[in-house]
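The next block holds one structure in the form of structure tokens; read it before the comments.
Residue numbers (the numbering used here): 217 to 440.
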């Protein structure tokens, strides 16, 4: 098989970051005096579209300007300082990434996590040198599912969509792949809500990250 370009989401796809995000959020909500606290499972529905959306969703009925501002001041420093306390790669991630790289594939990360945090956590939890580019969200850019990050990587590295696949764990990732004209593989162990409509919209699914070594996106294009 010809070398492939793999564009990976980060949270919920390569790294289990949710414990740290949950703890940072719950501690921030407690600091600003709100009677809200989220479990690991409840936190899954809050994430995926960047930190601002996470905070708005977390506030729920308390979401108004002054409380959002207070939560932002309490949460963002914790979001950074708690990062990596409990975070680790999902099973099989490192060995599969190493195998893909060894066979000549190119690896990229496209995340809605703030860019500085994405750079930091990948360096701490994954072999950073495996990736041709790690790209988190940058101020002023739209977040996924807007395909701006994917388009930037394709332009800078002169990639071809025909040789590329997006690997994620949520509806946001499926929509990002569709907007960029790429097949999408969905990791079912991640943070998404895997209903029938979402599963029908993607090229294929991975129950275990190791399944990626046996999947040929070229044979399963799945792009409308």
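Glycine is no exception: its CB is placed at the ideal position from the N, C-alpha and C atoms.
Bear in mind the structure is a predicted one, so any value in this text is a computation, not a measurement.
Sequence-distant residues of its chain with Cβ nearer than 8 angstroms to residue i (five each side left out)
| i | result |
| --- | --- |
| residue 235 | 256, 301, 302, 303 |
| residue 440 | Summary for residue 440: the model assigns pLDDT 42, below 50, so the residue's position carries little reliability; its value from the coordinates is reported in the next sentence. Within the same chain, residue 440 has close Cβ partners 394. |
| residue 285 | none |
| residue 331 | 351, 352, 353, 354 |
One or two residues paired with residue i in a DSSP bridge
| i | result |
| --- | --- |
| residue 421 | 402 |
| residue 383 | 224, 401 |
| residue 232 | 304 |
Residues of its chain near residue i, where Cβ-Cβ distance is below 6 angstroms and the 5 sequence neighbours each way are ignored
| i | result |
| --- | --- |
| residue 391 | 361 |
| residue 246 | none |
| residue 221 | 322, 375, 379, 380 |
| residue 421 | 402, 404 |
| residue 340 | 300 |
Terminal residues of the alpha helix (DSSP H) in which residue i lies
| i | result |
| --- | --- |
| residue 349 | Where residue 349 is concerned, there is no enclosing alpha helix (DSSP H), although the beta strand (DSSP E) it sits in stretches over 347-353. |
| residue 366 | 364-373 |
| residue 344 | Premise fails: residue 344 is in no alpha helix (DSSP H) and is neither H nor E. |
| residue 293 | 281-297 |
| residue 359 | No alpha helix (DSSP H) contains residue 359, which DSSP labels as neither H nor E. |
| residue 319 | Looking at the DSSP string, residue 319 is not in any alpha helix (DSSP H), and its letter there is neither H nor E. |
| residue 275 | 267-275 |
| residue 258 | 256-259 |
When the options are compared against residue i, the one with the closest alpha-carbon
| i | options | result |
| --- | --- | --- |
| residue 397 | 411, 246, 377, 247 | 377 |
| residue 263 | 228, 341, 337 | 228 |
| residue 354 | 266, 420, 253 | 266 |
| residue 315 | 219, 412, 415 | 219 |
| residue 352 | 340, 334, 242 | 334 |
| residue 408 | 401, 428, 387 | 387 |
| residue 426 | 239, 277, 329, 308 | 308 |
| residue 366 | 274, 281, 328, 237 | 328 |
| residue 442 | 428, 389, 406, 430 | Residue 442 is absent from the model: the chain starts at 217 and stops at 440. |
Counted within 10 angstroms of its Cβ, other Cβ atoms place residue i as buried (16 or more) or exposed
| i | result |
| --- | --- |
| residue 345 | exposed |
| residue 356 | exposed |
| residue 424 | exposed |
| residue 295 | buried |
| residue 382 | buried |
| residue 289 | exposed |
| residue 399 | buried |
| residue 223 | buried |
| residue 373 | exposed |
| residue 240 | buried |
Neighbourhood of residue i by C-beta distance below 7 angstroms, restricted to the same chain and skipping five residues each side
| i | result |
| --- | --- |
| residue 363 | 392, 395, 396 |
Segment limits, beta strand (DSSP E) that includes residue i
| i | result |
| --- | --- |
| residue 324 | 322-330 |
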